[in-house]
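Chemist: Numbering (UniProt numbering), first residue to last: 1 to 442.
No residue lacks a Cβ here, since even glycine has one placed at the ideal position from N, Cα and C.
So that we are looking at the same thing, I have put the structure below in structure tokens.
Structure, rendered in structure tokens:
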């Protein structure tokens, strides 16, 4: 005998509410706290393997930290001895077995408004040269991939320069060539602000990617053998660069957007194109770009930055208000595992040949646990071993991939220099570019 039960209206409403709420809640497996991942423990096997690696970091902001905290003086902050207020000093570089380093010649993009971006960038390039000259037993300037190999074999740290932001060339291809002559081997096309010829990921679009002059900048970099860096740029700019560039590109300090949703990270559709281009994405360590929750906070911070920029016309007022607001924001640091999650994802989407390390040490305010300074690179090797990467794959990630990109960029440059007339941005040529380049603000 079947029993039929006809519930009343109140019961139905309650049941509907329960069902609706249950749809909003995550599954029980997701409601439980995520298991805490254990700290990485360095083994003798990983230590020996790490010693065999040519470790190359794509981005270190020690030069800017020296300018800000030590008046650009190596007497005031002698990095041959421990400098705990920095992420970087020579003893810890040796602990980390760093074989080559791209030192960032960064100046704020606001400097272009006063037409002093090139001036300040030259000072930063000079600081890097002075550092190399002051510590000749540790550093040597490298101009080519062969130089890196030779210097590394000699026991020194091969040093290269990356200019962080196209504002530094002040719309001049002549300055671009001068920077190359001074040792600059990559340039990030933008920093936090869009330029007249390239859009930033964290500002309003002006060109919906690259302008015609922006395309000429990219091709000029190809002809020189200077790597084109797509960190900081908008997705539209990334697309344009990958369409225009005849050489492999890099993202010197960016991570995977699919893991931490922030515009500073690289989306999967771009990762696929980077693979086709032969380039490399060098994973950033900054908590705000690698930890999912912290990436949300960083998105809010960039929005606040835009709001305050519109509110305050004076740079000093903007900086004061923004730094005051920023100091109150607490960010989850994450751990080394968060960074390796990004490496894993890029390997899955683009392949192990297209990922590297671009820590952003001394340029960020929050770092994951176990990645607090330049001494910690061996732990990345250990974490990759723990996840099943082979010795050869780890060597690729730690530096060989970037060496491949450098060699290919050098090959392309030689080919282009033979087959094309190099664009010369003389005074008359500058007049010609004005047709596609808006006037600079004075």
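Taking only three categories from DSSP, how would you classify residue 103?
Modeler: Here the question's residue 103 lines up with position 103 in the chain shown. Reduced to three states, the DSSP call for residue 103 is strand.
Chemist: Tell me, please, whether the region 49-69 touches the region 95-110 by the rule of three or more beta-carbon pairs shorter than 8 Å.
Modeler: yes
Chemist: Going by C-alpha to C-alpha distance, which of 230, 161, 376, 319 sits closest to residue 126?
Modeler: As a working mapping, residue 126 is identified with position 126 in the chain shown. The residue among 230, 161, 376, 319 with its C-alpha nearest the C-alpha of residue 126 is 161.
Chemist: Am I right that residue 346 and residue 355 are in contact with their C-beta atoms under 8 Å? What's the rounded C-beta distance?
Modeler: To locate residue 346, count along the chain shown from 1; it is residue 346. To locate residue 355, count along the chain shown from 1; it is residue 355. About 4 Å; that satisfies the 8 Å criterion.
Chemist: Of the residues 386, 204, 240, 250, which one's Cα is nearest the Cα of residue 57?
Modeler: The residue you call residue 57 lines up with position 57 of the chain shown. Closest option to residue 57, Cα to Cα, is 250.
Chemist: Could you name each continuous alpha helix (DSSP H) segment of 4 residues or more that falls completely within the region 90-139, going from the start of the chain to the end?
Modeler: 90-95, 117-134
Chemist: Quick one: grab the DSSP three-state call for residue 347.
Modeler: Numbered from 1 along the chain shown, position 347 holds the residue referred to as residue 347. DSSP places residue 347 in helix when its eight states are reduced to three.
Chemist: Rounding to the nearest angstrom, what Cα-Cα distance links residue 113 and residue 394 in this structure?
Modeler: Here residue 113 is taken as the residue at index 113 of the chain shown, counted from 1. Here residue 394 is taken as the residue at index 394 of the chain shown, counted from 1. Rounded to the nearest angstrom, the two C-alpha atoms are 43 Å apart.
Chemist: Please report the distance separating the alpha-carbon of residue 31 from that of residue 344.
Modeler: The count along the chain shown starts at 1 and reaches residue 31 at position 31. The count along the chain shown starts at 1 and reaches residue 344 at position 344. Model confidence at residue 31 stands at a pLDDT of 38, short of 50, so the residue's coordinates are unreliable and nothing is read from them.
Chemist: Look at the alpha carbon of residue 391 and the alpha carbon of residue 79, and state the distance between them as a whole number of angstroms.
Modeler: Within the chain shown, the letter at position 391 stands for residue 391. Within the chain shown, the letter at position 79 stands for residue 79. Distance between the alpha carbons of residue 391 and residue 79: 32 Å.
Chemist: Rounding to the nearest angstrom, what Cα-Cα distance links residue 318 and residue 264 in this structure?
Modeler: By 1-based counting over the chain shown, the position of residue 318 is 318. By 1-based counting over the chain shown, the position of residue 264 is 264. Their backbone Cα atoms lie some 22 Å apart in a straight line.
Chemist: List the endpoints of the continuous beta strand (DSSP E) containing residue 282.
Modeler: Here residue 282 corresponds to residue number 282 of the chain shown, with the count starting at 1. First-last of the beta strand (DSSP E) with residue 282: 280-283.
Chemist: Can you give me the C-alpha to C-alpha distance between residue 166 and residue 361, rounded to a whole angstrom?
Modeler: As a first step, residue 166 is located in the chain shown; it is residue number 166 there, counting from the start. As a first step, residue 361 is located in the chain shown; it is residue number 361 there, counting from the start. Distance between the alpha carbons of residue 166 and residue 361 is about 21 Å.
Chemist: Does the Cβ of residue 181 have 16 or more other Cβ atoms within 10 Å, making it buried, or fewer, making it exposed?
Modeler: As a working mapping, residue 181 is identified with position 181 in the chain shown. With fewer than 16 other Cβ atoms within 10 Å, it is exposed.
Chemist: With a 10 Å radius around its C-beta and 16 neighbouring C-beta atoms as the bar for buried, classify residue 155 as buried or exposed.
Modeler: Position 155 of the chain shown, counting from 1, holds the residue named residue 155. So residue 155 counts as exposed.
Chemist: Have a look at residue 291 and residue 377 and give me their C-alpha separation to the nearest angstrom.
Modeler: Here residue 291 refers to the residue found at position 291 when the chain shown is read from its first residue. Here residue 377 refers to the residue found at position 377 when the chain shown is read from its first residue. Approximately 19 Å, taken between the alpha carbons.
Chemist: Taking all protein chains shown into account, decide if residue 145 is buried (16 or more other Cβ within 10 angstroms of its Cβ) or exposed.
Modeler: Translated into positions along the chain shown, residue 145 becomes position 145. Buried is the call here.
Chemist: Residue 183 to residue 369, Cα distance in whole Å?
Modeler: Here the question's residue 183 lines up with position 183 in the chain shown. Here the question's residue 369 lines up with position 369 in the chain shown. So the alpha carbons of these two residues sit roughly 34 Å apart.
Chemist: On the DSSP bridge assignment, give the partners of residue 164 in chain order.
Modeler: The count along the chain shown starts at 1 and reaches residue 164 at position 164. In DSSP, residue 164 forms a bridge with 188.
Chemist: Taking just the CA atoms, how far does residue 388 sit from residue 365?
Modeler: Counting from one through the chain shown, the residue named residue 365 turns up at place 365. Counting from one through the chain shown, the residue named residue 388 turns up at place 388. Computed Cα separation, rounded: 31 Å.
Chemist: For the region 35-44 and the region 91-99, state whether three or more C-beta atom pairs, one from each stretch, are separated by less than 8 Å.
Modeler: no
Chemist: First and last residue of the beta strand (DSSP E) that includes residue 355?
Modeler: Mapped onto the chain shown, residue 355 falls at position 355. Taken as a continuous stretch (DSSP letters only), the beta strand (DSSP E) holding residue 355 covers 355-357.
Chemist: For residue 270, which residues of its own chain have a beta-carbon under 6 Å away from its beta-carbon, when the five flanking residues on both sides are left out?
Modeler: Start at 1 with the first residue of the chain shown, and residue 270 comes out as number 270. Hits under 6 Å: 238.
Chemist: Around the Cβ of residue 188, are there at least 16 other Cβ atoms within 10 angstroms (buried) or fewer (exposed)?
Modeler: Here the question's residue 188 lines up with position 188 in the chain shown. Result: buried.
Chemist: Assign residue 172 to one of three DSSP states: helix, strand, or coil.
Modeler: Locating residue 172 in the chain shown gives position 172, where the first residue counts as 1. Here residue 172 sits in coil by DSSP.
Chemist: How many Å lie between residue 212 and residue 185 at the Cα?
Modeler: Sequence index remark: in the chain shown, residue 212 carries index 212 (1-based). Sequence index remark: in the chain shown, residue 185 carries index 185 (1-based). One C-alpha to the other measures close to 23 Å.
Chemist: Short of 8 Å in beta carbon distance, which residues of its chain neighbour residue 325, apart from the five on each side in sequence? Order them along the chain.
Modeler: Counted from its first residue, the chain shown places residue 325 at position 325. If we look at residue 325 and ignore the five residues flanking it on each side, its Cβ neighbours are 304, 308.
Chemist: Quick one: what's residue 157 bridged to in DSSP?
Modeler: Along the chain shown, one-based indexing puts residue 157 at 157. Per DSSP, 139.
Chemist: What is the DSSP secondary structure of residue 60, reduced to helix, strand or coil?
Modeler: On the chain shown, position 60 is the one that residue 60 refers to. Three-state DSSP puts residue 60 in a strand.
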